[in-house]
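Numbering-wise, full-length UniProt numbering puts 160 at position 160 of the sequence shown, and it's gapless, one number per residue.
Worksheet for the structure shown next.
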Amino acid sequence: MLPAPEPIRVLTVDDHPLMREGIAAVLGEQPDMAPVGEAADGWQGLQAFERLRPDVTLMDIQMPGMDGLEALSRLRTLSPGARVIVLTTFKADAQAWQALKLGASGYLLKTQLRTELLDAIRAVHRGHRWIPNEVAQEIAAHAGQEQLSGREIDVLSHIAQGLSNREIGGLLSLSEDTIKARVKTILSKLDARDRTHAVVLALKRGLLRL
């Protein structure tokens, strides 16, 4: 008789203790999985990964200090073959796309943990990617749109704070006319009706965080 395969060793990085405990409890009930560690933020996650070298890492995006995307980038530099499933509350396409570009193997909404977590872990462990249909649809819906530059996102974040073009120009050391031109470009790229609509769309797509 062949020996039983080694269980999939899983590290969970999330700033909510109840989330970590819940995931560990579910994984502990699976004969083919083993929760080997937990971390509350990106820094702790990197340290735990180096120490434990798990087969699959579950990484929350929204965390204080070092967030999940930065931790993912550093982790993939540390171990290019690492298999990471990003966890998030939002199906924002910008965050999903960025996570995938940084090397994430999967992207899972927290509302889907009860129904899809185990399948996602098994799929990623086998070398496959896991992207929920609604997230894939969000990415596809905006695939042909020109992306905002870093400076345009800076301008948009100041718009979200209610600042005028003149005030934004002062903060960014740019003329008011330059800011007006940037706002026009932002509206065009996002297909937004006005400044407020641009902020709403950017928040929905994960381009901005308030």
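Note that beta-carbon positions come from the ideal geometry of N, C-alpha and C, so glycine has one too.
Rounded separation between residue i and residue j - CA only
i, j, result
"T12", "T57", "6 angstroms"
"L18", "S105", "24 angstroms"
"A136", "V124", "16 angstroms"
"P7", "V199", "45 angstroms"
"D177", "G162", "18 angstroms"
"L117", "E70", "22 angstroms"
"D119", "Q62", "23 angstroms"
"A160", "A192", "14 angstroms"
"R129", "H158", "36 angstroms"
"residue 278", "S79", "In this structure the chain extends from 1 to 210, so residue 278 is not present and cannot be described."
"L52", "T111", "28 angstroms"
"R74", "P31", "31 angstroms"
"T88", "P5", "30 angstroms"
"R114", "L203", "26 angstroms"
"N165", "R83", "43 angstroms"
"D41", "D67", "7 angstroms"
"P132", "R122", "15 angstroms"
"A24", "G170", "50 angstroms"
"L190", "Y107", "24 angstroms"
"F49", "F90", "25 angstroms"
"L207", "E152", "11 angstroms"
Neighbourhood of residue i by C-beta distance below 8 angstroms, restricted to the same chain and skipping five residues each side
i, result
"V155", "I168, L172, I179, R182, V183 and I186"
"Q47", "A39"
"V36", "R9, V10, L11, L52 and P54"
"L72", "M59, V84, V86, A99, L102, G103 and A104"
First through last residue of the beta strand (DSSP E) which encompasses residue i
i, result
"R83", "Element bounds for R83: n/a, residue is neither H nor E."
"A39", "M33 to A39"
"M59", "V56 to D60"
"R9", "I8 to V13"
The alpha helix (DSSP H) enclosing residue i, as first and last residue numbers
i, result
"D194", "Element bounds for D194: n/a, residue is neither H nor E."
"R151", "G150 to A160"
"I168", "N165 to L172"
"R20", "P17 to G28"
"L108", "No alpha helix (DSSP H) holds L108; the beta strand (DSSP E) holding it covers G106 to L109."
"Q44", "G42 to L52"
Nonlocal neighbours in the same chain, by C-beta distance under 6 angstroms from residue i, ignoring five residues either side
i, result
"D55", "I8, R9 and H125"
"G45", "V13, A39 and A71"
7 angstroms Cβ shell around residue i - same chain, five flanking residues per side excluded
i, result
"R195", "I159 and V183"
"A20", "Checking the sequence, you will find Arg at residue 20 rather than Ala. Excluding residues within five positions, the ones whose Cβ falls inside 7 angstroms are T12, D14 and E38."
"E134", "K91"
"W43", "G65 and M66"
Minimum length 4: unbroken alpha helix (DSSP H) runs contained in the segment 119-148: 133-141
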